[in-house]
Amino acid sequence: MSALIELRGVVKDYPAQHRSAAPTRAVDRVDLTIERGEIFAVIGYSGAGKSTLVRLINALEPVSEGQVVVDGVDVARLGERELRTVRRGIGMVFQQFNLLESRTVWGNLAFPLVVAGVPRAEQQRRISDLLHFVGLADKAHAHVSDLSGGQKQRVGIARALATDPPLLLADEATSALDPDTTREILDLLARVNRELGTTIVLITHEMGAVRRIADRVAVMEHGRVVEVGSARDVFTRPEHPVTRRFVGTVVDLEPAPEALAAIRERHPGRLLRLDVEAAGGQQAVFAALHRHELGFELVHGGIEEVRGHTFGALTLAVTGGDEAVDAVLAELDGTLTEVGR
Ligand code: ADP
């Protein structure tokens, strides 16, 4: 793999709105490398700087400091004409679709091809291929306004792919869709990546989207990238508190304080957390509990899958002597930890 996009020390400041106010630092010293052929997610809460990052990558706005290098070229050095070429290599997919609502599906797909000066016969072939690819071959002459949200986003993706760009930037592409449609669209994006080799940057505030298709993920907060890694590592070993909160939205690792209080009322014994991802962890834990004649009940937990890797945590309410519990904890340090003590 080689880098398709490199951000080096990127800063974006917006001028103050009022004379007394400070300027807004929307992106703060971001270093990121996005490899060719990967699905790279950028996740963060609203205001974290994700959309600004998108506008810097597609060169719609200049950086205040640092470099944005796309395909080996620092975009700050380019003139308007060369920038248009860079932008043509980036397909955009938006939350609100941004389609021409009164036109047909065909008309929407023809638009970028006409702009790119693609000959008419070639346009026809390309549109037909794209419609088959996104599963809308029977909707070519439907008006966009008659389509469902999921169908509109399929058109959005087909349009973004029309000129065969090496990079697709999907900015909250599933945020306006219901959960089932979200999964369909994410699976379509994964297929675009797999079958066409398109690099995808997925901007999202939904960790479920990251879990479903991302290879790697960067977590943003206050304009900074606070954590970056493979989706698998970020899910199984989140380090930053913001990352932990995002992971917590898709897998219930530990009971929340209220749930913990309710569990404690029902179970006076000690509570242990079993981390499921540790290799051979479960068997070793259950064998050790048995050996030390400890009983247990599963009182909380969640197990999930990320890119072929199982992870999660279970909370056990243990019955038996304190000494035996201490012995098991010492024996299984790392797999088993005490909850809230
Ligand atoms: P996100 O996409 O993660 O919600 P944004 O990139 O939209 O975050 O915003 C990051 C910060 O930059 C916010 O504080 C936002 O108010 C500010 N911001 C974004 N665009 C502008 C702009 N054009 N002018 C002034 N401030 C902006």
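Residue numbering for the sequence shown follows the working numbering, beginning at 137 and increasing consecutively.
Where is the CB? At the ideal position from N, CA and C, for every residue including glycine.
Because the structure is a prediction, the values reported are computed rather than measured.
Next item on the list: Pull up the distance between the alpha-carbon of R443 and that of E375, whole angstroms please.
Entry: Taking the straight line joining both Cα atoms gives about 19 Å.
Cβ contact check for the stretch 272-285 and the stretch 209-218: 3 or more pairs under 8 Å = The stretch 272-285 vs the stretch 209-218: no contact.
Review point. From A354 to E441, what distance separates their C-alpha atoms?
Key: If I take the Cα positions, the gap works out to 19 Å.
Less than 8 Å separating the beta-carbons of L430 and V461? Yes, they are a contact pair.
* Are there 16 or more other CB atoms within 10 angstroms of the CB of F432, so buried, or fewer, so exposed? -> With 16 or more Cβ atoms within 10 Å of its Cβ, F432 is classed as buried.
Whole-angstrom distance between A395 and R402, CA atom to CA atom: Looking at the two C-alpha atoms, the distance is approximately 11 Å.
Legend entry - Rounded straight-line distance, which links the Cα of L407 to that of K186: Straight-line Cα distance between these residues: approximately 39 Å.
Need the endpoints of the beta strand (DSSP E) that H436 sits in, please. First-last of the beta strand (DSSP E) with H436: G431 to V442.
key: Delimiting residues of the alpha helix (DSSP H) encompassing A345   = From DSSP, the alpha helix (DSSP H) with A345 extends over M343 to I349.
What does the alpha-carbon distance come out to for the pair R290 and V421? The alpha-carbon atoms of R290 and V421 are separated by roughly 47 Å.
> Which class does E390 belong to by DSSP, given the choice of helix, strand or coil?
Replying inline: Residue state, collapsed to three classes: coil.
Around the ligand ADP, Cβ to any heavy atom closer than 6 Å, ordered along the chain: Any residue whose Cβ sits closer than 6 Å to a heavy atom of the ligand ADP makes the list: Y150, T160, A162, G180, S182, G183, A184, G185, K186, S187 and T188.
*What is the rounded straight-line gap between the Cα of R165 and the Cα of T188?*
Looking at the backbone, the Cα of R165 and that of T188 are separated by about 13 Å.
Within 10 Å of its beta-carbon, does N234 have 16 or more other beta-carbons around it, so buried, or fewer, so exposed?
Taking all protein chains in view, the Cβ of N234 is surrounded by fewer than 16 other Cβ atoms within 10 Å, so the residue is classified as exposed.
Roughly how many whole angstroms lie between the Cα atoms of A278 and T240? When rounded, the distance between both Cα atoms is 5 Å.
Quiz prompt | Neighbourhood of S138 by C-beta, 6 Å cutoff - its chain only, sequence neighbours within 5 removed | solution = So the list reads R172, once near-sequence residues are dropped.
Original post:
According to the Cβ coordinates, are V383 and M356 closer than 8 Å?
Top reply: No. Outside cutoff.
Notebook entry, point to check: What are the boundary residues of the alpha helix (DSSP H) that K288 is part of?
Noted result: DSSP places K288 inside the alpha helix (DSSP H), whose first and last residues are G285 to L297.
**Q.** N- and C-terminal bounds of the alpha helix (DSSP H) containing H268
**A.** Looking at the DSSP string, the run of the alpha helix (DSSP H) that includes H268 is R256 to F269.
task: Put A273 into one of helix, strand or coil per three-state DSSP.
output: In this structure, A273 counts as helix in the three-state DSSP scheme.
Does DSSP put T310 in a helix, a strand or coil?
Coil.
(request) Along the alpha helix (DSSP H) that carries E187, what are the first and last residues, could you check? (result) The amino acid occupying residue 187 in the given sequence is Ser; Glu does not appear at that position. In the DSSP assignment, S187 falls within the alpha helix (DSSP H) that extends over K186 to I193.
- Item | For R352 and R368, the rounded distance between their alpha carbons | Those two C-alpha atoms are separated by around 8 Å.
Taking all protein chains shown into account, do 16 or more other C-beta atoms lie within 10 angstroms of the C-beta of P255, making it buried, or fewer, making it exposed? P255 comes out exposed.
Can you tell which of I170, T169 and V147 has the C-alpha that lies nearest to the C-alpha of E197?
Checking every option, the nearest Cα to that of E197 belongs to V147.
Discussion item. Just list the residues that DSSP pairs H279 with in beta bridges.
Written reply: Paired residue(s): T240.
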